[in-house]
Structures are given as C-alpha cells and as structure tokens.
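Participant: One structure is given below, represented as structure tokens, and several questions about it will come after.
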Amino acid sequence: MDIPWLRQASTTRAFSSPNADRREELIRVKAHLGADETVLVCAEQKHTSNIGIVSERFLAESNDCFCCFKQTDAIVCPLPNVSIAIMTADCAPIFLVDPVQKVIALAHAGWKGTLGRIAAKTVVTMTELGCSKEDLIAWVGPMAGGCCYEVSNELIETFQAEFSEWPVKSSIGTRNLDLVEINCRQLENAGLLGNKVHRSNICTIHNTDTFYSYRADNGTHGRIISAMVMIS
Ligand SMILES: [Zn+2]
Numbered sequence: 001m002d003i004p005w006l007r008q009a010s011t012t013r014a015f016s017s018p019n020a021d022r023r024e025e026l027i028r029v030k031a032h033l034g035a036d037e038t039v040l041v042c043a044e045q046k047h048t049s050n051i052g053i054v055s056e057r058f059l060a061e062s063n064d065c066f067c068c069f070k071q072t073d074a075i076v077c078p079l080p081n082v083s084i085a086i087m088t089a090d091c092a093p094i095f096l097v098d099p100v101q102k103v104i105a106l107a108h109a110g111w112k113g114t115l116g117r118i119a120a121k122t123v124v125t126m127t128e129l130g131c132s133k134e135d136l137i138a139w140v141g142p143m144a145g146g147c148c149y150e151v152s153n154e155l156i157e158t159f160q161a162e163f164s165e166w167p168v169k170s171s172i173g174t175r176n177l178d179l180v181e182i183n184c185r186q187l188e189n190a191g192l193l194g195n196k197v198h199r200s201n202i203c204t205i206h207n208t209d210t211f212y213s214y215r216a217d218n219g220t221h222g223r224i225i226s227a228m229v230m231i232s
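With our numbering, letter number 161 in the sequence shown gets 161, and the count goes up by one each step, no holes.
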C-alpha cells in the first residue's frame, strides 16, 4: 500500500525467536516502522470475533504503554500515532485501511474467527466509524494456504453449511480448507471492491524457512508479528 502516512509490516522468522520476550519484539517492530514514540495496542487473541476500537478513553484507561483489548481478535484504530499489532502462525493477519477517513484495522482470523466472520465484522465496525466500504483496501498476509491446510471432514461440513454460497475447499486435496479465499470473499461480500482485496499468496506451512507455522513447526511459540500505524 503506497500511502505516505501509513506504515505496515509482517515479520519473518529471522526477526524473532520462539522464546523471545514478546514485548521486546513489539518494541523492535515499532522501531522498524519508525514509530518508536507511538503507543502500542494489541488484542488478547482468544479466537473470538470481537473487535476493539481504539479511543482516547481506552488509551487513557490503559496505564501501560502496551494496551491490550481483552477477549478480542481485531483492532480498529481511527487515531494517528497508535501502533496496532496482532500475532499469528498459520492464522490470517488481515490488514485494512481507509485512506480517505484515515482508519486502520488488523484482524486475526483462524478457522474460528473466519467462521465467526471477523473480517466482515471488522468492515462493519469501520463503516460505523464513517468509512465508506468502497474506499477500504485489504491485504491478507502470510497464513496457512488451501494448498496445505487440511482439516477434518466435520470442519469442512461446518464451513460449507455456514458459507453455502462459496466453495470452502481448495482445489488441492479432499479436506483442504481455503481460509484465504473465504476471508477474501467475506471482505468482498462486506462491500470491498474486488480489486482492493489483496492477498500475499504466501503459505506459512509451505514457507517455514521464512515464516513461523504452528502446524509445520509442531506447535511453535514463534509468531509472525503484523503491525500497522498511521504517522501524523
Ligand atoms: Zn501450502
């Protein structure tokens, strides 16, 4: 996204280690974004479809430079100079930006969040803050691709029942769930223009030399940190 006031990143394996201090890593991500002085807001990430909205009041009530939304998996931020971050390893990091109203959002969508339509709900929250759907730009970052993300038949059936109008399986295998496609469809169905929904096309399970994968690394503690900030 070539927007002068916007900075965003997803980290690689080289950036961090599985057992590193997460706060120290987050501080380094902020520094990398040229946003050392900004407040940092995270989400507790409990595989919910709850969304936290960053407000002056929320920041004031969090007496820590690391603010955390409890029981929340997406962060919507209309304020400049606030870094927002989520951590993933196979789940989707979904970046959203409204370059007109200047609102950013990050959502964490594993299969539970995808089933709970967290991507679509994040779009709704942004529109409630004044964003126009047609202005929103989305990027679905490195995550488990349909090429590798095999699940149970029961989960395939659950997804097909919930998203009956869409193909939920990838063209590869018989039980491969395509979470990338389902999240992109959610974003478009929520009103985003198709040419503004971008995907990294990087499968974390395929690319374990570069990205952490919970599956391929047998439950690693390593995480991809995805962060975004509007610099004023
Ligand atoms: Zn793959």
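Beta carbons are placed, not taken as given, at the ideal position from N, Cα and C, and that holds for glycine.
The structure presented is a predicted model; accordingly, all values stated were derived computationally and were not measured.
Who are the near neighbours of Phe-66 in its chain, counting only those whose CB is closer than 6 Å to its CB and skipping five residues on each side?
Facilitator: Looking up residue 66 in the sequence shown gives position 66. Closer than 6 Å at Cβ, skipping near neighbours: Leu-40.
Participant: To which residues of the same chain is Leu-155 closer than 7 Å at the C-beta, ignoring the five residues directly before and after it?
Facilitator: By one-based count along the sequence shown, residue 155 stands at place 155. Cβ neighbours of Leu-155 beyond the five flanking positions: Trp-111, Leu-177.
Participant: Roughly how many whole angstroms lie between the Cα atoms of Ala-227 and Ile-94?
Facilitator: The count along the sequence shown starts at 1 and reaches residue 227 at position 227. The count along the sequence shown starts at 1 and reaches residue 94 at position 94. Each residue's alpha carbon lies about 10 Å from the other.
Participant: Measure the C-alpha to C-alpha separation of Leu-187 and Ala-138 and round it to an integer number of angstroms.
Facilitator: If you number the sequence shown from 1, residue 187 lands on position 187. If you number the sequence shown from 1, residue 138 lands on position 138. Cα-Cα distance, rounded: 8 Å.
Participant: Do Ala-35 and Val-229 have their C-beta atoms within less than 8 Å of each other?
Facilitator: Sequence index remark: in the sequence shown, residue 35 carries index 35 (1-based). Sequence index remark: in the sequence shown, residue 229 carries index 229 (1-based). Closer than 8 Å, so yes.
Participant: Of the residues Val-124, Ile-84, Ala-31, Gly-113, which one's Cα is nearest the Cα of Glu-162?
Facilitator: Position 162 of the sequence shown, counted from the first residue, corresponds to residue 162. Out of Val-124, Ile-84, Ala-31, Gly-113, Gly-113 has the C-alpha closest to the C-alpha of Glu-162.
Participant: Could you tell me the alpha carbon to alpha carbon distance between Glu-134 and Asn-195, rounded to whole angstroms?
Facilitator: The residue you call residue 134 lines up with position 134 of the sequence shown. The residue you call residue 195 lines up with position 195 of the sequence shown. Whole-angstrom Cα-Cα distance: 10 Å.
Participant: Considering only their Cβ atoms, is the gap separating Ile-51 from Ala-85 smaller than 8 Å?
Facilitator: Position 85 of the sequence shown, counted from the start, is the residue given in the question as residue 85. Position 51 of the sequence shown, counted from the start, is the residue given in the question as residue 51. Contact flag unset, no.
Participant: In chain order, what residues of the same chain have a beta carbon less than 6 Å from the beta carbon of Ile-53, not counting five sequence neighbours either side?
Facilitator: As a position in the sequence shown, residue 53 is number 53, starting the count at 1. Val-76.
Participant: At the level of alpha carbons, what is the spacing between His-108 and Ile-182?
Facilitator: Against the sequence shown, residue 108 aligns to sequence position 108. Against the sequence shown, residue 182 aligns to sequence position 182. So the alpha carbons of these two residues sit roughly 14 Å apart.
Participant: Buried or exposed for Lys-70, going by 16 or more other Cβ atoms inside 10 Å?
Facilitator: Residue 70 sits at position 70 when you count from the first residue of the sequence shown. Exposed, since its Cβ has fewer than 16 Cβ neighbours within 10 Å.
Participant: Does DSSP put Thr-72 in a helix, a strand or coil?
Facilitator: In the sequence shown, residue 72 corresponds to position 72, counting from 1. In the structure shown, Thr-72 sits in coil (DSSP, three-state: anything other than H, G, I, E or B).
Participant: Count the other C-beta atoms from every protein chain shown that fall within 10 angstroms of the C-beta of Pro-80, then say buried if there are 16 or more, exposed otherwise.
Facilitator: Position 80 of the sequence shown, counted from the first residue, corresponds to residue 80. So Pro-80 ends up on the exposed side.
Participant: Say the cut is 7 Å; is the CB of Ile-118 nearer than that to a heavy atom of ligand 3?
Facilitator: By its list of ligands, the structure shown excludes ligand 3, since it contains just ligand 1.
Participant: Looking only at DSSP bridge pairs, what is Val-29 linked to?
Facilitator: Locating residue 29 in the sequence shown gives position 29, counting from the first residue. Answer by DSSP bridge pairing: none, since Val-29 is not bridged.
Participant: Run the proximity test for Cys-203: is its beta-carbon closer than 7 Å to any non-hydrogen atom belonging to ligand 1?
Facilitator: Translated into the one-based positions of the sequence shown, residue 203 becomes position 203. Because some heavy atom of ligand 1 lies under 7 Å away, the Cβ of Cys-203 counts as near it: yes.
Participant: How would you label Arg-117, buried or exposed, when you count the other beta carbons within 10 angstroms and need 16 or more for buried?
Facilitator: Residue numbering aside, residue 117 sits at position 117 when the sequence shown is read from its first letter. Under this definition Arg-117 is a buried residue.
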